[in-house]
DNA sequence: AGAATACATTTCATACTTAAAATATGTCAG
DNA sequence: CTGACATATTTTAAGTATGAAATGTATTCT
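Residue numbers (the UniProt record's numbering), protein chains in the order written: chain A, 1 to 167; chain B, 1 to 167.
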């Protein structure tokens with residue numbers, strides 16, 4: 001190691017320090033929370049629905065006729081099993097999803113009803129438009145850069161979390 | 001408008017389109033959720049606490065001896081008034097916060113107790129370390145870029161949300 | 001002063017969320 | 001076949017979150 005190291009005030013080569021990381025996390029959280037609350041309120045106002053319901057309908061919409069098991073939904077939405085149970089009960093009460101018979105009687109497979117599919121399509125259209133409007137203050141290049149950096153962040157999180165489990 | 005417009009497949013100059021925005025939002029949400037769940041679990045395991053509690057203690061720690069009103073906390077944490085009432089009740093039951101007498105009997109002013117301040121300091125130290133570790137996969141330059149882009153995103157959100165209110 | 005109004009907070013009903021315990025079903029070794 | 005284990009889900013208890021109604025307190029107008 002060189003004795004006369006460069007007296008650079010920044011650490012552009014290495015990982016960010018604690019304060020820098022904290023500032024980054026705070027910004028990230030603020031953006032996510034603001035978008036979530038905006039979407040949440042509009043789903044309520046315009047469709048009498050909620051974000052968790054929308055997320056579950058979205059997963060089921062992608063899954064098509066075969067539907068998903070409770071466990072599938074739990075993993076995809078990153079929420080607990082018990083959470084999915086209640087969510088599914090309410091969506092079924094509203095006639096948006098239905099149960100499918102299956103061989104293994106432990107698993108509950110659900111899929112969208114025709115009504116559920118139609119209602120989700122309308123919500124998804126509005127949702128995409130809301131997001132587009134919210135992010136309209138970014139240029140296309142900024143959005144690309146941001147997406148790439150978030151992908152890199154995702155990798156960092158994965159590696160940091162998985163290293164904990166490995167001794 | 002020019003008849004022979006450039007046949008560019010991207011729109012680097014303009015705002016991102018719907019699909020691009022959606023992809024960006026999904027990445028942002030995944031990162032935020034992953035960090036939140038990790039921190040949440042560690043607060044539970046190591047301190048028997050939660051993220052909402054930590055956030056309220058953090059706001060009160062910054063406020064110092066004078067403390068904050070319920071409304072202050074509600075605005076800072078971007079949560080409803082009713083939420084703050086319950087949160088404060090539980091933190092007080094744990095001896096982490098205390099009420100202050102005030103002139104206006106409508107306002108409830110609260111601040112950290114000595115115990116609350118000490119407990120928060122320990123949590124904050126761990127919290128900073130966790131965040132630093134989670135983001136260690138980014139270089140300092142990437143973290144700077146990401147922070148700046150999130151600041152730009154924040155501006156975009158503010159302008160999009162405020163324009164709705166103005167006819 | 002008294003009425004109207006504005007303000008800060010709490011209460012209420014409901015929904016969402018989790019971790020842990022309980023339930024029910026399937027699989028497999030002996 | 002039967003007992004042990006594994007798997008998928010539901011139930012339970014507690015906390016977190018919201019919007020709307022209710023409560024209590026200040027301010028202002030006349």
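For every residue, glycine included, the Cβ atom is placed at its ideal position computed from N, Cα and C.
- For residue 84/A, the three-state secondary structure derived from DSSP is helix.
- For the pair residue 105/B and residue 44/A, the Cα-to-Cα distance works out to about 35 Å.
- The CB of residue 37/A comes closer than 9 Å to the CB of 78 in chain B, given here in chain order.
- Boundaries of the alpha helix (DSSP H) harbouring residue 128/A: 114-134, taken from the DSSP string.
- Shown here for residue 98/B: same chain residues with a beta carbon closer than 6 Å to its own, the five before and five after excluded, namely 113 in chain order.
- Comparing alpha-carbon positions, the option among 58/A, 119/A and 27/A lying closest to residue 157/B turns out to be 27/A.
- DSSP places residue 96/A outside both helix and strand once states are collapsed to three, so it counts as coil.
- At least one CB atom of chain B sits nearer than 8 Å to the CB of residue 133/A.
- With a beta-carbon spacing of about 6 Å, residue 140/A and residue 14/B fall inside the 8 Å limit used to define contacts.
- Per DSSP, residue 106/B lies in no alpha helix (DSSP H) and is assigned neither H nor E.
- Taken through DSSP and simplified to helix, strand or coil, residue 69/A comes out as strand.
- Taking residue 49/A as the centre and dropping the five residues before and after it, the same chain places the C-beta of 43 closer than 6 Å to its C-beta, in chain order.
- Under the 8 Å Cβ criterion, the stretch 45-64 of chain B counts as touching the stretch 107-121 of chain B, having at least three qualifying pairs.
- Assigned with DSSP and collapsed to three states, residue 48/A falls in coil, not helix or strand.
- Between residue 27/A and chain B, the shortest Cβ-Cβ separation is below 8 Å.
- Here residue 71/A is exposed, its C-beta having fewer than 16 other C-beta atoms within 10 Å.
- DSSP, reduced to helix, strand and coil, places residue 32/A within a helical segment of the structure shown.
- Pairing residue 35/A with residue 127/A gives a Cβ-Cβ distance that is not under 8 Å.
- Cβ-Cβ distances below 6 Å link residue 81/A to 74 in the same chain, with the five nearest sequence neighbours on each side left out; the list follows chain order.
- For residue 156/B, the chain A residues whose C-beta falls within less than 8 Å of its own C-beta are 134, 135, 136, 137 and 138, listed in chain order.
- By the CB criterion at 8 Å, residue 150/A and residue 31/B fall inside the cutoff.
- With fewer than 16 other Cβ atoms inside 10 Å of its own Cβ, residue 78/B counts as exposed.
- For residue 145/A, the three-state secondary structure derived from DSSP is helix.
- Just so you know, the alpha carbons of residue 121/A and residue 162/B end up roughly 27 Å apart.
- Using a Cβ-Cβ cut-off of 9 Å, residue 18/B is close to 128, 129, 131 and 132 of chain A, given in chain order.
- For residue 97/B, no chain A residue has a C-beta closer than 7 Å to its own C-beta; the minimum C-beta separation is roughly 22 Å.
- Counting C-beta atoms within 10 angstroms of its own C-beta, residue 125/B has fewer than 16 neighbours from the protein chains shown and is therefore classed as exposed.
- Distance between residue 54/A and residue 100/B, taken at the CA atoms: about 43 Å.
- Taking the C-beta atoms as reference points, residue 21/A is found no nearer than 8 Å to residue 144/B.
- Spatial neighbours of residue 68/B in its own chain (CB-CB distance under 8 Å, excluding positions within 5 residues in sequence) are listed in chain order as 59, 60, 76, 109, 110 and 111.
- For residue 14/A, the three-state secondary structure derived from DSSP is coil.
- Closer than 8 Å to the CB of residue 106/B there is not a single CB belonging to chain A.
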